[in-house]
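Everything in the sequence shown is counted per UniProt numbering, starting at 4 for the first residue and increasing by one.
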Amino acid sequence: VDDQAIVSTLRFPPGFRWGTATAAYQIEGATREDGRTPSIWDTFSGTPGRVLNGDTGDIAADHRNRMPEDVALLRELGVTDYRFSVSWPRVQPTGRGPAVQRGLDFYRQLTDRLLEAGIRPVLTLYHWDLPQELEDAGGWPERDTAARFADYATLVAEALGDRVPMWTTLNEPWCSAFLGYGSGEHAPGRTDPAAALRAAHHLNLGHGLAVGALRDLLPDSADLSLVLNLAAVRGRSDSAADRDAVRRIEALANRIFLDPVFHAHYPRDLMEDTAALTDWSFVRDGDLAQISRPIDVLGINYYSPTVVAAAAASPVAVPGRPVPQAPSAWPGTEGLVRFLPGEGPRTAMGWPVDAEGLVELLRRLHRELPRLPLMITENGAAYHDYADPSGAVHDPERIAYLESHLAAVHEAVRSGVDVRGYFLWSLLDNFEWAYGYSKRFGIVHVDFASQRRTLKDSARWYAALIADNRAAPGAPAPRHPHRRR
Ligand code: GBH
């Protein structure tokens, strides 16, 4: 049976949220308006050789100036929710001190328009755009950055707390820590494995401190969340060596966040495996109590599974000469773990299409955290879309990708996993980080010369799906039996 046939008959539970997701630096542009100062991504993209083709977010999809048109697109799609992020340097330019009113006004206008359109705003405080001044003071490897983040969360909550029902602290802290400070593929482009581990802890701490600040300021009804790009890790085989590789990647991709947030400790095996890099003394008394403050929802961003194997024997070291090692996003696994390409069809990113990984991941989370509501906060794919002479933009592969992944979400829901919603990445073609504008994830095509938006076939497909599966008006809001205050 093909996925298309299945999904057209699927019905999701009443109250299921249907959204699209974006991030500030990827769409807003207007990087010098509102008193905004550079973030680490302005600096990084402005440094030759860091982003493909020298692309920057200076203009991006010009969303800062075209927001009303983009909200109209959301209305046309019929989404129930819209997930966006606030640009930290737009509302608090140096990362310290008072908020800038013009910056806040933009998000006030955005959220007002969403609410007028009957769309629920889902706000992410941090989607990777650290104010450059805070990086200059040491960035996430520095403990103070966590406190600065909590102050920034306070400013945004004071301004928008009355109109935003769902809040996310961080988007994918794994990327911030390990691509930003480990492999250097993302801003700020540092390659220091010990700093990456410190960054991971201070991101966790910043999350916890921000949850504390938000709980104090927001109405009881507000849902607080963290968004993780959890890895569905598979071993090449069931051999002891391959299982050990899985364990190491599980620890660095998933447990380094899940364990402190939900169980108030760091994985002991991870601490042992990285002992040559750090003694973990940056974890201070009381930190884990902050980090493990209860949240209401866990957001999961899923694109493809991760397949690993034990590395072949590492090269023989010449005494006195270090074995040259490429900077890694996986501190302490060099020479021990090998990443395999995975099988089957691939997206334009080269990522394998494998919806089964999503089912596995959701089931595993439900087993480990049975009372925690989950949301798919990102899922989608880059493909080479094509326009026909009439100007229509066709993207059948994206539709197939989405079909199979929604069938996966449905399968998980049917087997009892508490998934509350699905946010498609992304509304618009945008600045795809180190790949610049060369990769298009949007269901709406953006002509970056004219800024003209065109719904792709996938956008029409998504609109039809939402219309079909939309909860009846007035359906009761999901309850939160898990919440401990
Ligand atoms: C998300 O990141 C971002 O939140 C979003 O801004 C971005 O545009 C979108 O996805 C698309 O990239 O290191 O070989 O194991 C996802 C980033 C992609 C990072 C998959 C980890 C695994 C490849 N993740 N990647 S590997």
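C-beta atoms are modelled at their ideal positions from N, C-alpha and C, and glycine is treated no differently. Note that the structure is a prediction, hence the values are computed from the model and not measured.
**OP:** Determine the direct distance from the alpha carbon of Gly18 to that of Pro481, and round the result to whole angstroms.
**Re:** With a pLDDT of 43 at Pro481, under the threshold of 50, the predicted position of this residue should be treated as unreliable, and no value is reported.
Subject >> Arg20 versus Arg123: straight-line alpha-carbon distance, rounded >> reply: 9 Å
Original post:
Apart from the five residues just before and just after Val82, which ones in its own chain have a Cβ nearer than 7 Å to its Cβ?
Top reply: Trp21, Gly22, Thr23, Ile122, Ile469
Subject >> Neighbourhood of Asp115 by C-beta, 8 Å cutoff - its chain only, sequence neighbours within 5 removed >> reply: Arg166
Original post:
Just to check, is the beta-carbon of Glu435 closer than 7 Å to a non-hydrogen atom of the ligand GBH?
Top reply: yes
Original post:
If you draw a straight line from the alpha carbon of Arg69 to that of Leu113, how long is it in whole angstroms?
Top reply: 11 Å
Original post:
Is Tyr184 helix, strand or coil by DSSP?
Top reply: helix
**OP:** Name the two residues that bound the continuous beta strand (DSSP E) containing Arg124.
**Re:** It should be noted that the sequence gives Pro, not Arg, for residue 124. From DSSP, the beta strand (DSSP E) with Pro124 extends over 123-129.
**OP:** Starting from Ala312, trace the beta strand (DSSP E) both ways and give me its first and last residue.
**Re:** 309-313
Original post:
Pick from Asn472, Gly439, Leu280: whose alpha carbon is nearest that of Gly52?
Top reply: Gly439
Subject >> Whole alpha helix (DSSP H) elements within the segment 204-232, 4-residue minimum >> reply: none
Subject >> Per-residue DSSP class, three states only, for Leu107 >> reply: helix
Original post:
Can we count Thr350 as close to the ligand GBH, meaning its CB is less than 7 Å from some heavy atom?
Top reply: no
Subject >> Among Met169, Arg237, Gly302, Val362, the one whose alpha carbon lies nearest that of Val230 >> reply: Gly302
Subject >> Residue range of the unbroken alpha helix (DSSP H) whose run includes Phe342 >> reply: Here Phe342 belongs to no alpha helix (DSSP H); instead the beta strand (DSSP E) covers 340-343.
Subject >> Contacts around Trp436, its chain only, beta-carbon distance under 7 Å, and the 5 residues preceding and following it disregarded >> reply: His189
**OP:** Would you list the one or two residues that DSSP bridges to Met378?
**Re:** Gly302
Original post:
Can you pull the DSSP bridge partners for Lys459?
Top reply: Val396
Original post:
Do you know offhand how far Met169's Cα is from Asp226's?
Top reply: 5 Å
**OP:** Count the CB pairs spanning the segment 89-108 and the segment 183-199 that are closer than 8 Å, and state whether there are at least three.
**Re:** no
Original post:
Helix, strand or coil: which one does DSSP assign to Pro176?
Top reply: helix
Subject >> Buried versus exposed, by CB contacts within 10 Å (16 or more), residue 2 >> reply: For residue 2 there is no data in the structure shown, the boundaries of the chain being 4 and 488.
Subject >> Whole runs of the alpha helix (DSSP H) within the segment 225-295, excluding any shorter than 4 residues >> reply: 243-253, 259-266, 271-276, 290-294
Original post:
Thr40 to Val89, Cα distance in whole Å?
Top reply: 14 Å
Original post:
So is Tyr389 buried or exposed if we call it buried at 16+ other beta carbons inside 10 Å?
Top reply: exposed
**OP:** Take every Cβ of the segment 197-210, pair it with every Cβ of the segment 249-265, and state whether three or more of those distances are shorter than 8 Å.
**Re:** yes
**OP:** Kindly indicate which three-state DSSP category His483 falls into: helix, strand or coil?
**Re:** Its pLDDT being 42, under 50, His483 is placed unreliably in this model, and the coordinates cannot settle the point.
Original post:
Is any heavy atom of the ligand GBH found at a distance shorter than 7 Å from the C-beta of residue 1?
Top reply: Examination of residue 1 is not possible in this model, given that the chain is present from 4 through 488 alone.
Original post:
Nearest-angstrom Cα distance between Arg463 and Ile446?
Top reply: 9 Å
**OP:** Taking only heavy atoms of the ligand GBH into account, decide whether any of them is closer than 7 Å to the Cβ of Phe426.
**Re:** no
Original post:
Taking the C-alpha atoms as reference points, what is the distance between Glu253 and Ser453?
Top reply: 44 Å
**OP:** Hey, could you find the ends of the alpha helix (DSSP H) Thr46 is sitting in?
**Re:** 43-48
Original post:
Any heavy atom of the ligand GBH closer than 7 Å to the Cβ of Asn304?
Top reply: yes
Original post:
Looking only at C-alpha atoms, which of Tyr305, Asp219, Phe434, Arg455 sits nearest to Ala26?
Top reply: Phe434
Subject >> Cβ neighbours of Gly209 in the same chain (closer than 6 Å, five flanking residues each side left out) >> reply: Ala149, Phe152
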